[in-house]
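Student: Numbering follows numbering that gives the first Met the number 0, with no gaps: position 281 of the sequence shown is 280.
Following this message is one structure expressed as structure tokens.
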Amino acid sequence: MKRILAILGISLLAANSLSYGRTCEPKLAPTEKAYILSRFCVEVKYNFAFYDKLTFSWDSICSAAMPALVSTQSDEEFIRGMQALCARLNDGHTYVFELNNPSNPDDWICPFPMKSRRIGDKVFVTDVYSTVLQEQGVQPGCEILGIDGENVLEYAEKHIMPYMASSTPQWSEYRPFAEYELTKDKRSKVSEIRLRNKNGKEFAIESSRDIPWDLQTNSSTINLKVLRGNVGLMKIGSFQNSDFSRSYFDEVYNDILKTDALIIDIRGNSGGNSLHADYLIRHFCTEPIPKGKWRSPKYIAAHGSWNYPKEWHVQDADSIDPIQDKEIYRKPVVLLVDACTFSSAEDLCVSFRGARRGKIVGTPTGGSSGNPIFIDLGGGIACCICTKHEVDADGNEFVGLGIQPDIIVREDAAAFLKGKDNLIEAALEVLVGL
């Protein structure tokens, strides 16, 4: 699992940003496209941690893709083709992306100033950050019905999923609708979004994405509140270096110690620096937590000349030790997860389970380990390739599967519309029995 997601300042969300709205002049010559494709295919062959798991010939796939990709009529079409090719690898941390924004700011990729989330087969607005949208009736709880004349689920299936890095069906089905992902497109592109408010009234908004973000956002990624029975509920939204503050967590931890039980909610947490996840779990364990083995491809030229089989660097992971000079939280804990719990947030799941610390409640996580290598392919295009294959402390695979909760509970749309959270209610019931 990756130690630092933000390689050269590029976050996973930026790397997976959509490019299908661009209308830039072509800059890449056919020879440059051929070089970029060839370089990518070779780098995958030598660096991809799951290359030996592929059920098809990667060389054949790349060779077959060459004529169409080299003859693409625009850079946008070429990049989308590269992303679709990369998606064949089925890995959430292996992706192709542009290094620079277009020279014309109107061609920059932006979302509408609102967040969304999929619950079952419905997609809802969860946050609104512009008075322009508010004045048009867009509020948290509004259901998104369609975009640009297409049903919202079909829109994502057609325009987002084929180009998205993904290791599991659940990540593919839920991530396109999470956070800001759904509405990303060219800043100047005008789109129509159909919605239904809580009263059942349907309406539409039409705008470019150049809308002011003039409403305050909650800047903290760590939030704690106390529920009935003196049960703490701590939401951790991210483990990104720019988001997760250890000093702020230390402050919050003083209040956590006052609770009688705790729910840690990492639903929607797409990861970041796994050392932050390790730092958190150290406050909740009294013994060292074992971590699983990992392996990474290695290549020795002389061995290649002797036709040695594929070789690996295999290593036992260091254990996680309890925090020193602090009181350890020994009271009951439940961990909430969903399909958008990903990467280093899954590290927390692995260590939580390895510590036998409590129950995991929710739905299977995104199932992607991470630790990608950054490679500049040339022509303003780059890629990240997953280099590390990990298993949990018991030797179980979770990449491509997701962390399986102890108790499966799916979010309920009816409860959401009433301002309730049925997973939190389920966690409270679990805590009663601990």
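Where a beta carbon is used, it is the ideal one built from N, C-alpha and C, also for glycine.
Can you tell me whether DSSP reads S115 as helix, strand or coil?
Tutor: Reduced to three states, the DSSP call for S115 is strand.
Student: Skipping 5 residues on each side, what residues in its chain have a beta carbon closer than 8 Å to that of K387?
Tutor: Result list for K387: M0, K1, A48, W293, R294, S295, S368, G369, N370, in chain order.
Student: Look at the Cβ atom of K121, then the Cβ atom of E142, and state whether they are nearer than 8 Å.
Tutor: A contact, by the Cβ cut-off of 8 Å.
Student: Over the uninterrupted beta strand (DSSP E) stretch that includes G357, give me the two end residues.
Tutor: First-last of the beta strand (DSSP E) with G357: 357-361.
Student: Exposed or buried, E153, counting other C-beta atoms within 10 Å across all chains shown (16 or more means buried)?
Tutor: Answer is exposed; the Cβ neighbour count stays below 16.
Student: Check whether the Cβ atoms of G378 and E31 lie closer than 8 Å to each other.
Tutor: Yes, the pair counts as a contact, with Cβ atoms nearer than the cut-off.
Student: If the criterion is Cβ atoms closer than 8 Å, does the pair T362 and Q169 meet it?
Tutor: Yes; because the gap between Cβ atoms is below 8 Å, this pair is in contact.
Student: Sorted by chain position, which residues of the same chain lie with C-beta nearer than 8 Å to E286's C-beta, five sequence neighbours on each side aside?
Tutor: Correct list, in chain order: P321, A354.
Student: Would you call the CB atoms of A177 and C382 closer than 8 Å?
Tutor: Not a contact, by the Cβ cut-off of 8 Å.
Student: With distance defined between alpha-carbon atoms, name the residue in S187, I319, S102, N272 nearest to S342.
Tutor: Nearest of S187, I319, S102, N272 to S342, Cα basis: N272.
Student: If G366 sits next to F415, beta carbons under 8 Å apart, how far is it from one beta carbon to the other, in whole angstroms?
Tutor: Incorrect: roughly 24 Å between the Cβ atoms, too far for contact.
Student: Residues in the same chain with beta-carbon distance under 8 Å from G267, minus the five sequence neighbours each way, listed in chain order, please.
Tutor: Cβ neighbours of G267 beyond the five flanking positions: R116, A177, E178, G236, D337, C339, T340.
Student: Go ahead and pull the three-state DSSP assignment for I299.
Tutor: Reduced to three states, the DSSP call for I299 is coil.
Student: Any idea if G80 is buried or exposed, counting beta-carbon neighbours within 10 angstroms, 16 or more meaning buried?
Tutor: Buried: at least 16 other Cβ atoms inside 10 Å.
Student: Alpha carbon to alpha carbon, what distance is there between K188 and T22?
Tutor: Because the pLDDT at T22 is just 41, under 50, the model does not fix this residue reliably, and the value given afterwards should be weighed accordingly. Taking the straight line from one Cα to the other gives about 10 Å.
Student: Could you give the first and the last residue of the continuous beta strand (DSSP E) run that contains L335?
Tutor: L335 -> beta strand (DSSP E) spans 332-336.
Student: Taking Cβ positions, are R186 and W107 nearer each other than 8 Å?
Tutor: Yes, the Cβ-Cβ distance between R186 and W107 is below 8 Å.
Student: Flag this pair as yes or no: are the beta carbons of D405 and K330 separated by less than 8 Å?
Tutor: Cβ atoms of D405 and K330: not closer than 8 Å.
Student: Here's a check: name, in chain order, each residue in its chain whose Cβ is nearer than 6 Å to the Cβ of L84, leaving out the five neighbours to either side.
Tutor: Once the five neighbours on either side are set aside, the close Cβ partners of L84 are A64.
Student: Work out the CA separation of R409 and G119 for me, nearest whole Å.
Tutor: Cα-Cα distance, rounded: 8 Å.
Student: In the DSSP assignment, find the unbroken alpha helix (DSSP H) run with E172 in it and report its ends.
Tutor: From DSSP, the alpha helix (DSSP H) with E172 extends over 168-173.
Student: In whole angstroms, what is the alpha-carbon distance linking F283 and R38?
Tutor: One C-alpha to the other measures close to 45 Å.
Student: On the premise that V360 lies in contact with V333, defined as a C-beta separation below 8 Å, what is that separation, rounded to the nearest angstrom?
Tutor: The Cβ separation is near 6 Å, so the contact holds.
Student: Can you tell me where the beta strand (DSSP E) with D264 in it begins and where it stops?
Tutor: D264 -> beta strand (DSSP E) spans 260-264.
Student: Assuming D213 contacts S129 (C-beta within less than 8 Å), just tell me the rounded distance between them.
Tutor: Going by Cβ atoms, the distance from D213 to S129 rounds to 6 Å, so yes, they are a contact pair.
Student: Using CA atoms only, rank isn't needed, just tell me which of A28, L27, I423 is closest to R227.
Tutor: With distances taken between Cα atoms, R227 lies closest to I423.
Student: Once DSSP output is grouped into helix, strand and coil, what is the label at C348?
Tutor: DSSP places C348 in helix when its eight states are reduced to three.
Student: Let me know if E428 comes out buried or exposed under the rule of 16 or more other beta-carbons within 10 Å of its beta-carbon.
Tutor: By the neighbour-count rule (16 or more Cβ atoms within 10 Å), E428 is not buried but exposed.
Student: To the nearest angstrom, report how far apart K417 and I60 are at their CA atoms.
Tutor: Roughly 49 Å separates the two Cα atoms.
Student: With 16 as the cutoff for other CB atoms within 10 Å, does H92 come out buried or exposed?
Tutor: Buried is the call here.
Student: Have a look at D105 and L181 and give me their C-alpha separation to the nearest angstrom.
Tutor: Near 19 Å, if we compare the C-alpha coordinates of L181 and D105.
Student: According to DSSP, S304 sits in a beta bridge with which residue or residues?
Tutor: S304 is not bridged to any residue.
Student: With distances taken Cα to Cα, identify the nearest neighbour of T71 among D209, D375, P211, P29.
Tutor: It is P29 whose Cα lies nearest to the Cα of T71.
Student: Looking at the strands, I want to know which residues DSSP matches up with G255.
Tutor: One point to set straight first is that residue 255 is Ile, not Gly, in the sequence displayed. None, per the DSSP bridge assignment.
Student: Going by alpha carbons, who is nearest to F96 out of L232, N306, I35, P175?
Tutor: If we check each option's Cα against that of F96, I35 comes out closest.
Student: Start and end of the beta strand (DSSP E) containing F77?
Tutor: Note, F77: premise wrong, no beta strand (DSSP E); alpha helix (DSSP H) at 74-86.
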